[in-house]
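Heads up, the sequence shown stops at 749 in my numbering, and the numbers go up one at a time, no gaps.
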Amino acid sequence: MKTVYRNFILLDGKEDMTPVKNKVLVVEDDKILAITDRWDIDENTRILDLGGRYLMPGLINLHVHLPAGGKPSTTGGNTKALVKLVTSSAVTRKIGVEMCKGYAMQELLSGVTTLRTVGGVADFDSILRDMINSGKTDGPRILASNNAIGPHDGHMVGSVAVEANTEDECREEVRKLSEQKVDLIKIMITGGVLDATVKGEPGVLKMAPELVRVCCDEAHKLGFKVAAHVESAEGLRVAAENGVDTVEHGAPMDEHTAQCLKTHGSAYICTVSPALPLAKFSREQTQISEMVQYNSNVVFEGIIEGTKNALEHGIPVGLGTDTGCPFVTHYNMWRELVYFQKFVGASPEFALYTATLGNAKIAGIDSITGSIEVGKSADILITDENPLENFETMKNPYCVIMKGKRFMEPKIKKNKLGEDLLDKAMP
Ligand SMILES: [Zn+2]
Numbered sequence: 323m324k325t326v327y328r329n330f331i332l333l334d335g336k337e338d339m340t341p342v343k344n345k346v347l348v349v350e351d352d353k354i355l356a357i358t359d360r361w362d363i364d365e366n367t368r369i370l371d372l373g374g375r376y377l378m379p380g381l382i383n384l385h386v387h388l389p390a391g392g393k394p395s396t397t398g399g400n401t402k403a404l405v406k407l408v409t410s411s412a413v414t415r416k417i418g419v420e421m422c423k424g425y426a427m428q429e430l431l432s433g434v435t436t437l438r439t440v441g442g443v444a445d446f447d448s449i450l451r452d453m454i455n456s457g458k459t460d461g462p463r464i465l466a467s468n469n470a471i472g473p474h475d476g477h478m479v480g481s482v483a484v485e486a487n488t489e490d491e492c493r494e495e496v497r498k499l500s501e502q503k504v505d506l507i508k509i510m511i512t513g514g515v516l517d518a519t520v521k522g523e524p525g526v527l528k529m530a531p532e533l534v535r536v537c538c539d540e541a542h543k544l545g546f547k548v549a550a551h552v553e554s555a556e557g558l559r560v561a562a563e564n565g566v567d568t569v570e571h572g573a574p575m576d577e578h579t580a581q582c583l584k585t586h587g588s589a590y591i592c593t594v595s596p597a598l599p600l601a602k603f604s605r606e607q608t609q610i611s612e613m614v615q616y617n618s619n620v621v622f623e624g625i626i627e628g629t630k631n632a633l634e635h636g637i638p639v640g641l642g643t644d645t646g647c648p649f650v651t652h653y654n655m656w657r658e659l660v661y662f663q664k665f666v667g668a669s670p671e672f673a674l675y676t677a678t679l680g681n682a683k684i685a686g687i688d689s690i691t692g693s694i695e696v697g698k699s700a701d702i703l704i705t706d707e708n709p710l711e712n713f714e715t716m717k718n719p720y721c722v723i724m725k726g727k728r729f730m731e732p733k734i735k736k737n738k739l740g741e742d743l744l745d746k747a748m749p
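This is the structure in C-alpha cells:
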C-alpha cells in the first residue's frame, strides 16, 4: 500500500533547508519511496491532501528519562524507594514498563519519532524498545541506555543509575548492560543541581577520571558510545580527556577541553529545559532553597555558554529535553528548539536541523531517519503553520507519522499548571 501526500510545504531537515512547494511525497509501508513533482495513482494508492501545511522530519530527543513524567514539583518523594518497589517483582516491573510506554507515547504524539534514553530503571528502556520494534505496541524509535552508571554518592545513583566504585565494578556494569543489548552507555560524572551542597558549586566531580576512562574503554571495546552527565567545567574536562562521546548538559569550556572533544569527535548535547524552571521560576513555585536557585542559574548560564563555545569550535551540538526532571514533560521538545534559538542564538533553520538530522548524525542513525529523503523511514511531523516562523505550532501537531503509520491530530493530556508556568517564562 502506498500513500501519496500532496499540497504541503516541505522542510527536509537538512542544514541548508528552505521551504519547498509543489512536491508530492510517496510513502510505501514504512519508507519514503519518492519525493517528486507528480505521481501516477493506481488502485493501491491512497491520497492525502495536507491543505498547505508544513511537513518535516519527526523530531529526535537525545536526552530522555522514561520512568518519570516531569511533574511541576521538586518534591517528588523518595525515588530510590519507588525504584526498589517497581523492580521488586515481575508484576511491578510490568507496571514500570507500562508507565514508560505511556510516556514514550507522549513523546511520539508530540512529534518526537526517535528518542534516546540516558538513564532509566533496570532494563525497562530496552524491553519497551523491543516491544515497539516487534510491533507489539506503538511508540517512537528508542535508543536505549537502561540504567546509568555512577559512583556511590553520584547523581541519581539508586534511582536511574547503578553504583560502581572500582575499575572492576565499572567493567562489570558495562558488560551487564551489553548483555541487555543496550544501544549506548550512560555515566554520571558530576553531581546535579538538586544534590549540590555548596553555593556556586553545582556539578561537583563525583566519578574519578580513571573510572570514566575504564567505562569508556570497556564500552568502546564492546561497540557502544558513552554519554555522560556533566554540569561543570571540571566535569566537562574529565569527560573530554577520557573518551566520552556525548557530553550532556555541559558547561563553559576552555581551549584544552574543546580540542579534546574535537579530537575524539565528541558531541555536546544542550538541554535548557531542566535548567530554566529551577533558575527562573519563583521559589514559591519550585520549592527550592536560595542556594539551589543560585546554582541552577550557574548551570543555566553554563549550558548556554558551553553550547556557544561548542558551536564556535565546530563541535557538533545536539538537543535533548532531560525529560523526567521537574517541570520537564514528555510533550515539550518544541520548547527546546525555542530555547536554542532565543538563548543560544541559533537560526530557526539551524534549530530544526539540529533537532532532526543533526541529532540523527550524533546518534549514528542518519542513514535511517532525521530527514525527508528517499529510502529513509517515514518519520514525519506535520504542522499547521510554518515552524520556522514560530516553533509553537509544533505544540499541537496536525499529524505525526511513525514508520509510515499516521496519528492524526493527536491529543495529549497536559499538566495545566506546568504549561502555564512554562508559557509565562518563554523567551
Ligand atoms: Zn538527564
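All C-beta atoms, glycine included, are put in the ideal place defined by N, C-alpha and C.
Report buried or exposed for residue i, applying the criterion of at least 16 other Cβ atoms within 10 angstroms of its Cβ.
i      : result
Asn400 : exposed
Lys547 : buried
Ala682 : buried
Leu652 : Rather than Leu, the amino acid found at residue 652 in this sequence is His. When all chains shown are included, His652 counts as buried.
Gly667 : exposed
Met575 : buried
His578 : exposed
Ser410 : exposed
Ala486 : buried
Arg605 : exposed
Met323 : exposed
Out of the options, which one is the CA nearest neighbour of residue i?
i      : options                        : result
Gly675 : Ile509, Leu381, Glu350         : The displayed chain sequence assigns Tyr, not Gly, to residue 675. That would be Leu381, whose Cα lies nearest to the Cα of Tyr675.
Met724 : Ser432, Lys345, Val413, Asp364 : Ser432
Ala562 : Gly545, Lys543, Cys538         : Cys538
Ala466 : Asn455, Thr459, Gly472         : Asn455
Thr358 : Leu370, Thr367, Lys343         : Lys343
Pro709 : Gln663, Phe729, Gly740, Met730 : Gln663
Glu540 : Ile507, Asp745, Leu633         : Ile507
Asp490 : Val566, Gly545, Val620, Val536 : Val536
Asp334 : Met378, Leu347, Glu350, Lys353 : Met378
Asn712 : Leu679, Tyr661, Lys736, Ile734 : Tyr661
Thr705 : Asp567, Ile331, Val348, Val520 : Ile331
Met730 : Gly697, Leu430, Lys336         : Leu430
Glu337 : Gly461, Ile417, Glu671, Lys698 : Glu671
His542 : Ala518, Ser500, Gly557, Cys582 : Ser500
Leu544 : Val496, Glu553, His586         : Val496
Val696 : Asn329, Thr340, Leu347, Met339 : Leu347
Asn619 : His635, Glu553, Glu634         : Glu553
Leu583 : Arg559, Asn617, Glu494, Asp745 : Arg559
Could you check how far apart the C-beta atoms of residue i and residue j are, in whole angstroms? I think they sit under 8 Å.
i      : j      : result
Leu384 : Ile591 : 5 Å
His477 : Thr512 : 7 Å
Leu372 : Tyr327 : 6 Å
Thr396 : Pro648 : 5 Å
Val614 : Leu743 : So it is not a contact: roughly 17 Å between Cβ atoms.
Val594 : Asn564 : Not quite, the Cβ-Cβ distance comes to about 26 Å (not below 8 Å), so this is no contact.
Gly680 : Gly628 : With 8 Å as the limit, Gly680 and Gly628 do not qualify as a contact, their Cβ atoms being about 17 Å apart.
Gly472 : Met529 : 6 Å
Under 8 Å between C-beta atoms, does residue i make it to chain B?
i      : result
Asp362 : Protein chain content of the structure displayed is limited to a single chain, and chain B is not contained in it.
At least 3 beta-carbon pairs within less than 8 Å: the stretch 421 to 430 vs the stretch 689 to 701:
no
Spell out a yes or no on whether the stretch 363 to 379 and the stretch 401 to 415 are touching, meaning 3 or more CB-CB pairs, one atom from each, closer than 8 Å.
No, the stretch 363 to 379 is not in contact with the stretch 401 to 415.
If contact is defined by three or more beta carbon pairs under 8 Å, each pair taking one atom from either stretch, is the stretch 556 to 573 in contact with the stretch 516 to 536?
yes
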